[in-house]
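Each remark here refers to the structure printed beneath this line.
Number of protein chains: 2
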Amino acid sequence: MESFGARLHRVVGERGPLCVGIDPHPGLLERWGLDDDVRGLERFAGTVVEALGDRVAVVKPQSAFFERFGSRGVAVLESTIRQLRTAGSLVLLDVKRGDIGSTVAAYASAYLDPSSPLHVDAVTVSPYLGVGALAPMFELAAAQGGGVFVLALTSNPEGAAVQRARTADGRTVAQLVIDEISQLNAGARPLGSVGLVVGATIGQTGHELAAVNGPLLAPGLGAQGASAADLRVVFGSSLPAVLPTYSREVLAAGPDVVALRGAADRVLADCRAALTGS
Amino acid sequence: MESFGARLHRVVGERGPLCVGIDPHPGLLERWGLDDDVRGLERFAGTVVEALGDRVAVVKPQSAFFERFGSRGVAVLESTIRQLRTAGSLVLLDVKRGDIGSTVAAYASAYLDPSSPLHVDAVTVSPYLGVGALAPMFELAAAQGGGVFVLALTSNPEGAAVQRARTADGRTVAQLVIDEISQLNAGARPLGSVGLVVGATIGQTGHELAAVNGPLLAPGLGAQGASAADLRVVFGSSLPAVLPTYSREVLAAGPDVVALRGAADRVLADCRAALTGS
């Protein structure tokens, strides 16, 4: 079975290094002329699928905006996932789950077991209970060709107190996360299947990403965000593993399908320029 | 509107200090003679509601075990929540969500807005992105009489590296979480509405819980778990705010409704003894 890392490497090679979020918050539904209900959600997600499913490498639905509508919202998420995968996008579901024991195994089964109605290519997870507690997630991902992206360094100001706290051996919490994931990816080619979430705007923090050997999901590029120079500061020699993720810059162009495609093309061009330093 | 803290104080006064989890993992479904499918899930949850909804203060469904079955599992969760609330239990939904900005607001709306099909009395959240990032959750909880339980100190061995890392001012990450929640609860009577999750078996860790003024959800009591003496070590003068939570010790008695009630009565007696030191 092709690993998630290999699939991601292949699809990014074909479509370019870009992840676009599906974040239908109430204000955005309104700007698209949609009602803030399940029908509006369905129209929103369907439009993004139509516009981007056949051209963007990775699409990242944010689970919270579907959970808002309960089981009917989750049913829309299921059909959105199916449509995206049929159209050739990899689906990274942003759920930031994290727990221990049989509960982590249940989350793994919900999102990474091919027989689940919510089966996706990869999910985001949160390591407050320790990276080791997420082991059932990594194991099912490895067995089924799925991917996992672990929160490491986020760019929101409240995150630093936790993520840059010092562990007993002097490393930061984030560096501990980075190092544990690096071990999981060791030796994988062309790319490991366990990624990290690292904000593109965090600046010089002294964290060492060179050994990760997995994808680095990077929010924060864009008009008011990180430049190519900023990216080199944060990611250094790991720049080729960066997968930039955009939401509002693309979604604000909707609901017109052609305009959404144009916006995605523009941010992809920005990404290519930023990642190659050109 | 009665705050969550006040409702919890009242219901615990009436029914006793006990939270019981609904954790239908595959092995447990099998032991109950149920299939590992949506119908089995529905039977399992319905049996727990029938047995405990009219007598246990707080019931804590674990979302992961419903998400495993996609939107149909979430529909079972919706009806389980409704039935529990009708029967008089407070529902603490164990989701451990955590994110930033409009995404946290969407999670708040999913679980703490009375118009949501998944509206519950309280949820668990995870602070890897910082306690401050969870503000929209605390705000909606306060506005709607809901509660939030923030992960602080968990008893799994992998949790310590993150939770006991030292922030810039020398406090641990967990103590930072404790202190920020203490501020949110300051002055609330009889009890604040923002709680913490603190494992009953963590032992002497030097953390100071005296100022929390909110409920302390404590997994880890039970046959192989913490004793009354252990509890005094962990919780000190905050013992009256402890809400012990059990799952397997109670659920293993099922599917017989009378046996489930007997098991809940026994652990409640244990809890009363442990919390009063008798």
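Chains as they are written, first to last, in my numbering: chain A, 1 to 278; chain B, 1001 to 1278. Where is the CB? At the ideal position from N, CA and C, for every residue including glycine. Small disclaimer: the values here were computed from a predicted structure and weren't measured.
The secondary-structure analysis by DSSP pairs residue 202 of chain A with nothing; it has no beta-bridge partner.
The alpha-carbon separation between residue 164 of chain A and residue 194 of chain A amounts to approximately 21 Å. Between the C-alpha atoms of residue 1032 of chain B and residue 1203 of chain B there is a straight-line separation of about 34 Å. For residue 1154 of chain B, the nearest CB of chain A lies under 9 Å from its own CB, placing it at the interface with that chain. Listed in chain order, the non-local C-beta contacts of residue 254 of chain A below 7 Å within the same chain comprise 32, 47, 260, local neighbours out to five positions each way being set aside. Taking a contact to require three or more Cβ pairs closer than 8 Å, the stretch 1136-1146 of chain B and the stretch 63-72 of chain A do not qualify as touching.
Secondary structure at residue 44 of chain A: helix, using DSSP grouped into helix, strand and coil. Interface residue (Cβ-Cβ distance to chain B less than 9 Å): residue 176 of chain A is classified as such. Here DSSP, grouped into helix, strand and coil, assigns residue 1219 of chain B to strand. The beta carbon of residue 1220 of chain B sits closer than 7 Å to those of 1155, 1199, 1200, 1201, 1226, all from its chain and outside the five residues before and after it, given in chain order.
Residue 235 of chain A sits in a helix when the DSSP states are folded into three classes. Under the 10 Å beta carbon count, residue 1053 of chain B is surrounded by 16 or more other beta carbons and is classified as buried. Per the coordinates, the alpha-carbon of residue 121 of chain A lies some 42 Å from the alpha-carbon of residue 1007 of chain B.
Taking the Cβ atoms as the reference, residue 190 of chain A lies roughly 7 Å from residue 5 of chain A, within the contact range of under 8 Å.
The Cβ atoms of residue 1129 of chain B and residue 1196 of chain B do not sit closer than 9 Å to each other. Around residue 1084 of chain B, no beta-carbon contact reaches into chain A at under 7 Å, the shortest distance being about 16 Å.
Where residue 1245 of chain B is concerned, the enclosing beta strand (DSSP E) starts and stops at 1242-1246.
By the criterion of a C-beta distance shorter than 8 Å, residue 29 of chain A is surrounded in its chain by 35, 36, 40, 41, 44, once the five residues flanking it on both sides are discounted.
Short of 7 Å from the beta carbon of residue 1015 of chain B, and not among the five residues preceding or following it, lie these beta carbons of its own chain, in chain order: 1055, 1056, 1057. Annotation: the stretch 1138-1170 of chain B contains the following complete segments of the beta strand (DSSP E) (minimum length 3 residues), in chain order: 1147-1153.
A direct Cα-to-Cα measurement between residue 1019 of chain B and residue 1059 of chain B gives close to 5 Å. Going by DSSP, residue 90 of chain A is part of the beta strand (DSSP E) stretching over 90-97. Residue 1127 of chain B sits in coil when the DSSP states are folded into three classes, being neither helix nor strand. Chain-order list of chain B residues neighbouring residue 246 of chain A: empty, with the shortest C-beta distance near 15 Å, by a criterion of under 9 Å. Taking CB atoms only, residue 1061 of chain B has no neighbour in chain A less than 9 Å away. Excluding sequence positions up to five before and after residue 180 of chain A, its CB lies within less than 7 Å of the CB of 131, all in the same chain and listed in chain order. Taking CB atoms only, residue 200 of chain A has no neighbour in chain B less than 9 Å away. Taking a 10 Å sphere around the C-beta of residue 23 of chain A, we find 16 or more other C-beta atoms and assign the residue as buried. Within the stretch 11-25 of chain A, those residues whose Cβ lies closer than 8 Å to any Cβ of chain B are, in chain order, 23, 25. Partner residues in the beta bridge of residue 59 of chain A, as assigned by DSSP, are A:20, A:91. DSSP places residue 1196 of chain B within a strand segment (E or B) once states are collapsed to three.
Secondary structure note for residue 1053 of chain B: it is in no alpha helix (DSSP H), with a DSSP letter that is neither H nor E. In this structure, residue 1075 of chain B lies near residue 71 of chain A, with their beta-carbon atoms less than 9 Å apart.
Contacts with chain A (Cβ-Cβ distance below 8 Å) from the stretch 1125-1149 of chain B involve 1126, 1127, 1128, 1129, 1130, 1131, 1132, 1133, listed in chain order. Under the three-state reduction of DSSP, residue 135 of chain A is assigned to helix.
Take residue 1108 of chain B, set aside five residues on each side of it, and the residues of its chain with a beta-carbon closer than 6 Å to its own are 1136, 1137, 1140, in chain order.
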